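Residue numbers (full-length UniProt numbering): 1 to 406.
Glycine included, every Cβ here is placed at the ideal spot set by N, Cα and C.
Owing to the predicted nature of the structure, the values given are computational and were not obtained by experimental measurement.
Worksheet: the structure to be examined is printed underneath.
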């Protein structure tokens with residue numbers, strides 16, 4: 001546009017605040033503005049501005065400018081196109097949402113959109129949602145029908161140029177939240193516990209059946225504990241060899257810890273990982289003195305009034321720790337430090353804990369107690385194998401007996 005023509009526009013009451021933006025003629029062709037009769041287009045070259053009413057040269061009246069040939073006839077490489085967002089009587093034109101045609105406030109994610117389409121696009125990207133079109137994937141998307149098909153609406157968002165990478169992702173889930181979820185997702189469902197043997201006091205319940213039941217409980221508990229281990233963030237990033245060492249070394253400790261957390265001093269029942277419920281005296285033959293040690297540990301654990309967040313961190317620390325034979329010890333120690341740091345932060349913010357540093361030290365001291373209880377468990381399993389009342393299941397043999405030095 002020559003400077004003389006542009007100066008005449010400014011001199012004839014077109015105020016600077018109505019100069020919205022300069023855009024290329026390619027951008028103009030991308031936007032369907034044919035229905036917006038109030039929008040004024042200026043294309044190069046321009047004729048002398050004329051009055052829309054009298055045809056006389058423009059003076060102090062805001063009016064429409066007539067352009068020479070349609071934009072499609074210009075040599076786009078040499079032409080410049082810009083919009084002046086103004087209408088008669090000096091009012092601003094409303095911006096239109098490129099997705100549904102509703103009123104748009106401003107530009108969102110690279111495109112001029114309304115608040116509704118902005119929110120829809122943000123939710124879809126953050127949740128990584130996928131939609132299905134019940135039609136032919138060409139559903140109309142306008143102000144009235146934009147909520148009918150989410151698939152076509154999202155595709156329209158993409159097609160008009162909304163950029164997914166600009167959309168902020170959901171805040172990352174904290175480590176301690178993930179640890180709680182790993183534990184909660186693997187606890188027995190309290191609405192479907194197995195009380196089949198709970199009140200079974202018949203004398204014919206022989207020793208071999210009790211030992212077999214012990215093996216069944218231990219085997220199914222191992223499977224549940226493995227599911228929990230796999231859910232702990234970072235565990236599956238270790239080598240398979242390190243995963244196996246960590247899990248096998250921690251399995252009995254986690255069995256004791258999880259059982260102790262569910263065991264109440266005022267109740268005589270034991271709830272195992274697989275949902276089986278038994279009386280304590282029903283486990284005496286198979287567990288032996290190991291059961292008494294577990295009950296005592298449980299009492300001390302509950303005296304500390306450990307909440308589920310601290311307990312979940314403790315479970316993770318039982319698994320993620322230095323064990324003999326670990327190949328990538330630095331990775332294990334790094335994850336261990338992150339868990340301890342999360343636990344420390346949680347205790348610091350916990351108003352129910354008085355002496356916070358002492359509480360943390362006492363809680364971490366439970367790890368060494370669990371190792372002692374694990375050794376007692378290994379001794380009990382080895383004793384039952386020597387009794388040979390029931391053949392030892394292969395998984396018990398592999399995990400707990402194959403590595404024994406005797």
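Is there contact here, the segment 378 to 394 with the segment 268 to 277, by at least three beta-carbon pairs under 8 angstroms? The segment 378 to 394 makes no contact with the segment 268 to 277, as fewer than three CB pairs between them are under 8 angstroms.
Considering only residues of the UniProt domain "Nuclear receptor" (94 to 169), which uninterrupted beta strand (DSSP E) runs meet the minimum length of 3 residues and lie entirely inside it, listed in chain order? If only uninterrupted beta strand (DSSP E) runs of at least 3 residues are considered, those enclosed by the UniProt domain "Nuclear receptor" (94 to 169) are 106 to 108 and 111 to 113.
Closest by CA to residue 256, which one among 240, 212 and 301? Position 256 of the chain shown, counting from 1, holds the residue named residue 256. Per the Cα distances, 301.
The segment 340 to 347 touching the segment 286 to 301, judged by at least three CB pairs closer than 8 angstroms: Counting C-beta pairs with one atom in each stretch, the segment 340 to 347 and the segment 286 to 301 have fewer than three that are closer than 8 angstroms, which means they do not touch.
Using the three-state DSSP reduction, which class does residue 270 fall into: helix, strand or coil? Locating residue 270 in the chain shown gives position 270, where the first residue counts as 1. In the three-state reduction of the DSSP assignment, residue 270 falls in the strand class, which pools E and B.
Which one of 395, 123 and 320 has the shortest CA to CA distance from residue 334? Here residue 334 is taken as the residue at index 334 of the chain shown, counted from 1. Among 395, 123 and 320, the Cα nearest to that of residue 334 is on 320.
Using a threshold of 9 angstroms, state whether the C-beta atoms of residue 409 and residue 249 are closer than that. Any question about residue 409 goes unanswered here, given that the chain covers just 1 to 406.
Mapping the DSSP letters down to three states, classify residue 355 as helix, strand or coil. To locate residue 355, count along the chain shown from 1; it is residue 355. The answer is coil: DSSP assigns residue 355 none of H, G, I, E or B.
Per DSSP, residue 278 forms a beta bridge with which residues? On the chain shown, position 278 is the one that residue 278 refers to. For residue 278, which the question treats as bridged, DSSP gives the partners 270.
So does residue 389 have its beta carbon nearer than 8 angstroms to some heavy atom of the ligand ATP? With respect to the ligand ATP, the structure shown offers nothing to examine, as it has no ligands at all.
Using the DSSP secondary-structure output, state which residues sit across from residue 223 in a beta bridge. The residue you call residue 223 lines up with position 223 of the chain shown. Note: residue 223 sits in no beta bridge, so no partner.
Around the C-beta of residue 291, are 16 or more other C-beta atoms found within 10 angstroms, so that it is buried, or is it exposed? Here residue 291 refers to the residue found at position 291 when the chain shown is read from its first residue. Classification of residue 291: buried, given that the 10 Å Cβ count is 16 or more.
Pick out whichever of 254, 217 and 121 has its Cα sitting closest to the Cα of residue 129. Against the chain shown, residue 129 aligns to sequence position 129. The shortest C-alpha to C-alpha distance from residue 129 to any of 254, 217 and 121 is the one to 121.
Contact between the segment 227 to 247 and the segment 352 to 365 (3+ Cβ pairs under 8 angstroms): Because the criterion of three Cβ pairs below 8 angstroms is not met, the segment 227 to 247 and the segment 352 to 365 do not touch.
Quick check on this structure: which residue in 326, 162 and 217 has the alpha carbon closest to the alpha carbon of residue 238? Counting from 1 along the chain shown, the entry for residue 238 is found at position 238. Checking every option, the nearest Cα to that of residue 238 belongs to 326.
If you measure between the beta carbons of residue 108 and residue 100, is that distance less than 9 angstroms? Here residue 108 corresponds to residue number 108 of the chain shown, with the count starting at 1. Here residue 100 corresponds to residue number 100 of the chain shown, with the count starting at 1. With contacts defined by Cβ atoms closer than 9 angstroms, residue 108 and residue 100 do not form a contacting pair.
Taking the beta carbon of residue 264 as the centre, do at least 16 other beta carbons fall within 10 Å, making it buried, or is it exposed? Numbered from its first residue, the chain shown carries residue 264 at position 264. That one is exposed.
Using the C-alpha atoms, what's the distance from residue 252 back to residue 310? Counting from 1 along the chain shown, the entry for residue 310 is found at position 310. Counting from 1 along the chain shown, the entry for residue 252 is found at position 252. In this model, residue 310 and residue 252 are separated by some 20 angstroms (Cα to Cα).
Hey, out of 111, 145, 196 and 119, whose CA is closest to residue 158's CA? Taking the chain shown and counting its residues from 1, one reaches residue 158 at position 158. Checked all of 111, 145, 196 and 119; the closest Cα to residue 158 is 111.
Alpha-carbon to alpha-carbon, residue 106 and residue 163: As a working note, residue 163 is residue 163 in the chain shown. As a working note, residue 106 is residue 106 in the chain shown. Take the alpha-carbon of residue 163 and the one of residue 106: they are about 15 angstroms apart.
Is the separation between the beta-carbon of residue 214 and that of residue 287 shorter than 9 angstroms? By 1-based counting over the chain shown, the position of residue 214 is 214. By 1-based counting over the chain shown, the position of residue 287 is 287. Between residue 214 and residue 287, the C-beta spacing is below 9 angstroms.
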